[in-house]
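Engineer: Residue numbers (the numbering used here): 3 to 348. For every residue, glycine included, the Cβ atom is placed at its ideal position computed from N, Cα and C. These numbers were taken from a predicted model, which means no experiment stands behind them. Supplied in structure tokens, the structure appears directly below.
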């Protein structure tokens with residue numbers, strides 16, 4: 003059975019850029035047809051999340067092939083991005099935390115190509131990936147999954163949640179008064195033809211959020227994964243669900259894509275297959291451990307006290323100093339989220 007649904011178009015693309023049905027679509031089981039319930043705001047005691055303050059952040063292009071780049075943050079774990087350039091158009095992956103970051107992205111693109119920028123793909127609805135949308139001209143289409151767009155409904159709440167990661171620099175998002183939403187949305191899959199360069203967009207199901215988007219360039223086998231998938235050894239953040247649906251989504255990605263290089267939304271680049279395998283194993287172990295603790299009637303605090311977070315041994319040396327403590331904090335958040343999800347569904 004093919005997914006023949008058409009994308010929602012507020013800005014109609016040209017015929018050559020129109021989406022095409024996926025030849026082997028990810029068929030999501032009924033319980034994976036998730037809805038947007040919003041990010042949990044509860045955090046473990048003494049939790050400290052990632053520093054995403056965009057002040058002083060520079061995006062450094064890293065080329066994988068002709069017209070294919072990562073835009074790597076000069077400071078880990080701040081936001082990475084990407085750009086893919088075809089003969090007729092360029093596409094950007096994610097828009098940054100604010101108007102200034104959106105403008106910096108556009109300046110980098112102008113240095114890389116004379117092709118017109120036509121698309122910005124939001125891998126998630128989170129403000130550090132989408133608040134910069136408003137900086138792009140009206141003739142640039144914002145593209146994302148339907149569920150990401152549906153999650154962009156309360157700007158003030160999103161600003162409040164993201165402000166926790168600004169280390170006091172609340173001025174960074176003061177000017178964000180227009181949360182520009184996607185003009186083009188899709189359910190599970192779409193393609194964009196940039197002129198001799200086709201980019202695939204995939205939404206495999208529940209992950210960090212309900213509508214995470216993976217941007218895939220088949221010729222270089224590069225995937226920009228946003229918050230959905232990071233480097234092996236880096237704990238994800240379970241913000242809107244537990245491990246089981248996340249595992250199923252990762253398995254669909256593994257079955258659908260041949261990935262050489264992963265450019266995550268945060269942190270160092272990674273190798274494809276080993277990274278997906280590690281993430282699945284991490285989530286499986288997390289689920290087992292929390293369920294075992296709950297079956298023994300341990301409290302959340304007792305399970306947290308017994309938990310051994312993943313080590314930073316698999317990370318590149320330059321990333322370990324930035325991600326060691328953060329990894330432990332994210333793992334504790336994942337224990338809490340798993341515990342709450344089991345409570346909710348039992």
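Which term fits residue 67, buried or exposed, when burial requires 16 or more other beta carbons within 10 angstroms of its beta carbon?
Structural biologist: exposed
Engineer: Just to check my reading of the structure: residue 136 and residue 81 have Cβ atoms closer than 8 Å, yes? What is that Cβ distance to the nearest angstrom?
Structural biologist: About 16 Å; that fails the 8 Å criterion.
Engineer: In whole angstroms, give me the CA-to-CA distance for residue 224 and residue 233.
Structural biologist: 14 Å
Engineer: Leaving aside the five residues before and after residue 175 along the sequence, list all residues of the same chain whose C-beta is less than 8 Å from its C-beta, in chain order.
Structural biologist: 99, 100, 129, 133, 161, 164, 165, 168
Engineer: Whole angstroms are fine: how far does the CA of residue 331 sit from the CA of residue 305?
Structural biologist: 14 Å
Engineer: Any heavy atom of the ligand GTP inside 7 Å of the beta-carbon of residue 240?
Structural biologist: Inclusion of the ligand GTP in the displayed structure is not the case, the ligand content being empty and no account of it being possible.
Engineer: Looking only at its own chain, which residues have a Cβ that is under 6 Å from the Cβ of residue 282, when we skip the five neighbours before and after it?
Structural biologist: Result list for residue 282: 249, 252, in chain order.
Engineer: Check residue 222 in the structure and name its three-state DSSP category.
Structural biologist: coil
Engineer: Should the segment 186-193 be regarded as contacting the segment 137-147, the criterion being three or more beta carbon pairs within less than 8 Å?
Structural biologist: Counting Cβ pairs under 8 Å, three or more are found: they touch.
Engineer: Whole angstroms are fine: how far does the CA of residue 140 sit from the CA of residue 286?
Structural biologist: Rounded to whole angstroms, residue 286 and residue 140 show a C-alpha spacing of 43 Å.
Engineer: Would you say residue 79 and residue 56 are within 8 Å of each other, going by their C-beta atoms?
Structural biologist: no
Engineer: For chain C, check one thing: does any of its Cβ atoms lie closer than 8 Å to the Cβ of residue 161?
Structural biologist: Included in the structure is just one protein chain, with no chain C present.
Engineer: Helix, strand or coil for residue 27 per DSSP?
Structural biologist: Unreliable positioning characterises residue 27 in this predicted model, as indicated by a pLDDT of 44, which lies under 50. The coordinate reading is nonetheless provided below. Looking at residue 27 - three-state DSSP - the assignment turns out to be coil, as it is neither helix nor strand.
Engineer: Would you say residue 228 and residue 267 are within 8 Å of each other, going by their C-beta atoms?
Structural biologist: yes
Engineer: If I measure Cβ to Cβ from residue 35 and keep anything under 7 Å in the same chain, skipping five residues before and after, which residues do I get?
Structural biologist: Note that residue 35 scores a pLDDT of 47, beneath 50, so its modelled location is shaky; the value from the coordinates is reported in the next line. Excluding positions up to five away in sequence, the list is empty.
Engineer: Nearest to residue 355 by alpha carbon, out of 158, 124, 256, 182?
Structural biologist: Any question about residue 355 goes unanswered here, given that the chain covers just 3 to 348.
Engineer: Output yes or no for whether 8 Å exceeds the beta carbon distance between residue 125 and residue 265.
Structural biologist: Against a cut-off of 8 Å, the Cβ pair of residue 265 and residue 125 comes out as no contact.
Engineer: DSSP has residue 188 in a bridge; who is on the other side?
Structural biologist: 147
Engineer: When the Cα atoms are used, what is the spatial distance from residue 192 to residue 86?
Structural biologist: 16 Å
Engineer: Of the residues 198, 213, 278, which one's Cα is nearest the Cα of residue 152?
Structural biologist: 213
Engineer: Alpha carbon to alpha carbon, how far is residue 319 from residue 123? Give it in angstroms, no decimals.
Structural biologist: 31 Å
Engineer: Find out if the Cβ-Cβ distance for the pair residue 220, residue 208 is shorter than 8 Å.
Structural biologist: no
Engineer: Distance, Cα to Cα, residue 289 vs residue 245?
Structural biologist: 6 Å
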